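Participant: Okay, so the sequence shown: first residue is 308 according to my numbering, each after it adds one.
Glycine included, each C-beta is placed from N, C-alpha and C at the ideal position.
From a predicted model like this one, the values you see are computed outputs, not experimental measurements.
Sending over a structure as structure tokens; questions will come in a sec.
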Amino acid sequence: MTDQAVDTNGPAEAAGTQEPPGAVPPRFFGRERELKALRADIERVGLDTLAGRKAPRARVLLIAGRPGSGRSALAAELAGALTGTGPAPADASGPATATGALPWAVAGTGFGDYPDGVLRVGLTEPGGDPVPTERTAGEILGLLGLAVPPGADQDELSEMVREALSVRRLVLLLDDAADAEQVDPLLPENPDCLVVATATGPLTGIPDVRPCTLGGLEAGAAVRLLARAIGQVRITVDPRTAESLAEECGGQPAALTLIGGWLATRPMASVADVAKQLHDLPDSGDPQPAGARPLARAFRLVHDSLPQAAARILRLLALAPAGLADAHTASALAGCSVSAAERTLDDFVKLGLLRTDGAAHPQYGIPGCLAPMLRALLEERDRPAEIQLARARMLERTVRRLQACRAVTEPEGTTAHRRLAGLPRSLRFPNAEEAGVWLRLRQPALLASARLAVADGELDTLARRLIAALVRALAAHRGTEAAAPELYGLHGLVLDVAERRNLPREQAAALLNLADLDARTGRPRDALTRYRAALDAGRAAGDLYATGRAMESVGSTYAELGDFHRASDWYGRALAQRLTQGERADEARLYGRLGAVHSYAGRYGEALRNWRAAAAGHRRLGDLAAQARALSEAARVQEYAGRPHEALHTCREAAELARRADDVRLQAALQLRLADTLDRLGDPAAARLHRSAADRLLGEEGSAYEIRSASTES
308 MTDQAVDTNG PAEAAGTQEP PGAVPPRFFG RERELKALRA DIERVGLDTL AGRKAPRARV
368 LLIAGRPGSG RSALAAELAG ALTGTGPAPA DASGPATATG ALPWAVAGTG FGDYPDGVLR
428 VGLTEPGGDP VPTERTAGEI LGLLGLAVPP GADQDELSEM VREALSVRRL VLLLDDAADA
488 EQVDPLLPEN PDCLVVATAT GPLTGIPDVR PCTLGGLEAG AAVRLLARAI GQVRITVDPR
548 TAESLAEECG GQPAALTLIG GWLATRPMAS VADVAKQLHD LPDSGDPQPA GARPLARAFR
608 LVHDSLPQAA ARILRLLALA PAGLADAHTA SALAGCSVSA AERTLDDFVK LGLLRTDGAA
668 HPQYGIPGCL APMLRALLEE RDRPAEIQLA RARMLERTVR RLQACRAVTE PEGTTAHRRL
728 AGLPRSLRFP NAEEAGVWLR LRQPALLASA RLAVADGELD TLARRLIAAL VRALAAHRGT
788 EAAAPELYGL HGLVLDVAER RNLPREQAAA LLNLADLDAR TGRPRDALTR YRAALDAGRA
848 AGDLYATGRA MESVGSTYAE LGDFHRASDW YGRALAQRLT QGERADEARL YGRLGAVHSY
908 AGRYGEALRN WRAAAAGHRR LGDLAAQARA LSEAARVQEY AGRPHEALHT CREAAELARR
968 ADDVRLQAAL QLRLADTLDR LGDPAAARLH RSAADRLLGE EGSAYEIRSA STES
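Following this line, the structure appears as structure tokens:
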């Protein structure tokens, strides 16, 4: 075998090994030949250069190996060396991705070949499914600090990634790629970037890529890994047996880590004991490639040696969304206390069964190489009814945590805040800041939980409650604009459940929410389609609010598209419904919208009638400021229609209402409008008086330009 390498940080460190005083523990050793070959591959003359063309894309390096072979550790070591940042820790801090991997974005120091650092994302779900490209692209944009347009498709997001990377020199680490179709849309069209991908086999379809294939660790490196976990003394006692144990593990870093953790927690066990136990274990009934058997045997040895309760918790962690759990997740799955769950999770870390991020709200990640074996054991040893009950407990706990996360943001004395007192202390947050940190760290797992709950199809009531609680928590802590990309996906999940369960009222609500996001992000045609669908769903549900809202939104979308005839038609339909229901505030608003579209269309008579009707509606409601704004718009229409004297009279009426409403900015705007009208009527002296009045009103409120703009927007 060639020289090998292994990342010895993380689970091995947690095994409790003490380093000699002053020693610097190695994070990574071996694999010198692979690292040298990968570095040489960066400088290798590519096919484009041989053909006399400039390389149009970033060079792609591929590290191929079975799960557990240390391919991700080698990729991280290479990326860290190239960027001058050093390798990212195995428990890299920051929010976890939806794949269960702990991502990292490391800024470069300026001394490496790629001074803009490293971006790392996982491309495979814990369940083995490929991560959709649009989600991966969104993760990359998030790591770069760029906004992700809600509802954007794969092509749009991939183009945004390529554009963002076109001006950077960085390493993009794509971990655990399933195929070339996942990698190709993300490749930077910039030869100054480098892509390092890991996969089980070759990525056929990406040209000019030579895989660096990993086997097991060389015997010396494997024994050093064991010594890192259990101490050199136990190795020195019987070095031959240690080599035999490394051979039984196939030289696989993941298998060696599990066995090292098992030995570290049993100081009286000898290396020979575990070597014999591992050798005597029969192969599992599932057909597995020969290279995967050592890891499977090591995992079974560790699992079967656990106490029954702990083994059950470990199997149930296969249900953890995105392969990420915290103490509450484990507590709900197993039906035990939070403190007992936390102790058990920490024990699993020592055994190498989990990784942790070490944050204030610690999350525990299931290594990707162990996830399939956990799922298989769960299905083999636990009854389906128990599994479904555990999943329901986990969802219910998540809903309650999200409710507490939102309630803590409410002012004291509100109903939502008072409900906190009814929750167990372990579910509450001490303050809004702590709740926000928890929400940020758990967001990928929470989103994955919502997706999995909807896909399950058997817990739709809980799924709907979970999504509603998550939407409210995100809006409370981040705001609807900042959380729009996540909200878009959640509303889509609500729509899936509503269609499956034939719930037209919820279908209408989801369609309206999605359409609003489409409209705000510049997709009016998509918004129009969804608003019309929401109208049909609202009618099927007999939901007058939804139908009226949908008709008004269709009108607004047509107005944005410049089709003022259709806009006025749909506003008229919405107004007719509101008139039958006696909803005066909505009536006044819709009269104003009709007045605006008639103004744009040049139908000044209709526009004036509707603006006066809007003013009358606001007068009945006692809203003097809104009445003044409506009359101001009526005055504008009169000017457009060539009736300046009437416009002057209407504007004065509006100014008096603004004075009574004590709306200083509106008063100033109307004084400026009066001045403009008087100028057109040939009375500059009176115009100057009104401008002086506007200046006095403005004071510190802002410039005349700002006031005019505010008036126009009103």
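Return the chain-ordered list of same chain residues with a C-beta closer than 7 angstroms to the C-beta of Ser644, the five sequence neighbours on each side being excluded.
Facilitator: Only Ser638 meet the Cβ criterion.
Participant: Between Ala976 and the ligand FAD, is there a pair consisting of the residue's CB and a ligand heavy atom that are separated by less than 7 angstroms?
Facilitator: Absence of the ligand FAD from the depicted structure is noted, as is the absence of any ligand whatsoever, leaving it without description.
Participant: Could you name the residues that DSSP lists as bridge partners for Cys519?
Facilitator: Looking at the DSSP assignment, Cys519 forms a beta bridge with Ile370.
Participant: In angstroms, rounded to a whole number, what distance separates the CA positions of Tyr878 and Glu859?
Facilitator: So the two alpha carbons sit approximately 5 angstroms from each other.
Participant: Return the residue from the list Leu794, Val367 and Leu684 that minimises the CA-CA distance to Asn1022.
Facilitator: No answer is possible for residue 1022: it lies beyond the span of the chain, which begins at 308 and ends at 1021.
Participant: Among the candidates Ala678, Asp983 and Pro422, whose CA atom is the shortest distance from the CA of Leu389?
Facilitator: Checked all of Ala678, Asp983 and Pro422; the closest Cα to Leu389 is Pro422.
Participant: Kindly identify the DSSP beta-bridge partner or partners of Thr431.
Facilitator: For Thr431, which the question treats as bridged, DSSP gives the partners Pro437.
Participant: Cutting at 7 angstroms between CB atoms, please list the residues of its own chain near Ala921, excluding the five before and the five after it.
Facilitator: Closer than 7 angstroms at Cβ, skipping near neighbours: Ala895, Tyr898, Gly899, Gly902 and Ala937.
Participant: Could you check how far apart the C-beta atoms of Ser756 and Leu773 are, in whole angstroms? I think they sit under 8 angstroms.
Facilitator: Going by Cβ atoms, the distance from Ser756 to Leu773 rounds to 7 angstroms, so yes, they are a contact pair.
Participant: Name, in chain order, the residues that DSSP records as bridge partners for Tyr421.
Facilitator: Beta-bridge pairing links Tyr421 to no other residue.
Participant: Taking 6 angstroms as the limit between beta carbons, can you name the residues of its chain near Leu954, skipping five residues before and five after?
Facilitator: Correcting the residue type first, residue 954 is Ala in the shown sequence and not Leu. Contacts found: Ala942, Gln945, Glu946 and Thr984.
Participant: Express the C-alpha separation of Arg830 and Pro792 in angstroms, rounding to a whole number.
Facilitator: Distance between the alpha carbons of Pro792 and Arg830 is about 14 angstroms.
Participant: By DSSP, does Gly672 sit in helix, in strand, or in coil?
Facilitator: Strand at Gly672.
Participant: Can you check whether the CB of Leu524 is closer than 8 angstroms to the CB of Leu532?
Facilitator: For Leu532 and Leu524, yes; Cβs fall inside 8 angstroms.
Participant: Within 10 Å of its beta-carbon, does Ala321 have 16 or more other beta-carbons around it, so buried, or fewer, so exposed?
Facilitator: Low confidence applies to Ala321: its pLDDT is 33, below 50, so where it sits in the model is not reliable, and the reading given next is rough at best. So Ala321 ends up on the buried side.
Participant: In whole angstroms, what is the alpha-carbon distance linking Gly359 and Asp515?
Facilitator: The predicted position of Gly359 is uncertain, since its pLDDT is 44 and thus under 50; no value can be drawn from it.
Participant: For the putative contact between Leu802 and Ala817, defined by C-beta atoms under 8 angstroms, what is the C-beta separation to the nearest angstrom?
Facilitator: Contact holds; Cβ gap of about 4 angstroms.
Participant: Going by Cα to Cα distance, which pick from Ala881, Asp482, Asp876 and Pro674 is closest to Tyr852?
Facilitator: Comparing Cα positions, the closest option is Ala881.
Participant: Inspect the CB distances between the region 705 to 724 and the region 666 to 685 and report whether three or more fall short of 8 angstroms.
Facilitator: Too few Cβ pairs lie closer than 8 angstroms, so no.
Participant: When the Cα of Gly538 is compared with those of Ala994, Arg573 and Ala762, which residue comes out closest?
Facilitator: Comparing Cα-Cα distances from Gly538 to each of Ala994, Arg573 and Ala762, the minimum goes to Arg573.
Participant: Where does Gly949 land, buried or exposed, given buried means 16+ other C-beta within 10 angstroms?
Facilitator: Gly949 should be labelled exposed.
Participant: Within a Cβ cutoff of 7 angstroms, which residues of the same chain sit near Ala526, ignoring the five residues on either side of it in sequence?
Facilitator: Taken in chain order, the residues that qualify are Glu550 and Ala553.
Participant: Using 8 angstroms as the threshold, is the region 685 to 704 in touch with the region 612 to 630, meaning 3 or more CB pairs across them?
Facilitator: Output reads yes: the region 612 to 630 touches the region 685 to 704.
Participant: Output the distance between the C-alpha atoms of Arg600 and Gly558, rounded to the nearest integer angstrom.
Facilitator: Using only the alpha carbons, I get a separation of about 12 angstroms.
Participant: Count the other CB atoms within 10 Å of the CB of Gln978; is the residue buried (16 or more) or exposed (fewer)?
Facilitator: The residue in question, Gln978, is buried, as its Cβ has 16 or more Cβ neighbours within 10 Å.
Participant: Specify the secondary structure class of Asp302 as computed by DSSP and reduced to three states.
Facilitator: There is simply no residue 302 to check, as the chain begins at 308 and stops at 1021 in what is shown.
Participant: Assign Thr768 to one of three DSSP states: helix, strand, or coil.
Facilitator: DSSP places Thr768 in helix when its eight states are reduced to three.
Participant: Is it buried or exposed, Gly924, if we count other Cβ atoms within 10 angstroms and call 16 or more buried?
Facilitator: Buried, by the Cβ-count rule.
Participant: Would you be able to state if there are at least three C-beta pairs under 8 angstroms between the region 721 to 733 and the region 752 to 769?
Facilitator: Touching, no.
Participant: Tell me where the beta strand (DSSP E) around Asp580 begins and ends.
Facilitator: It is not in any beta strand (DSSP E) - Asp580 instead sits in the alpha helix (DSSP H) that spans Val578 to Asp587.
Participant: Looking at the secondary structure, which residues open and close the beta strand (DSSP E) in which Val804 lies?
Facilitator: Unbroken run through Val804 is the alpha helix (DSSP H), Ala791 to Arg808; no beta strand (DSSP E).
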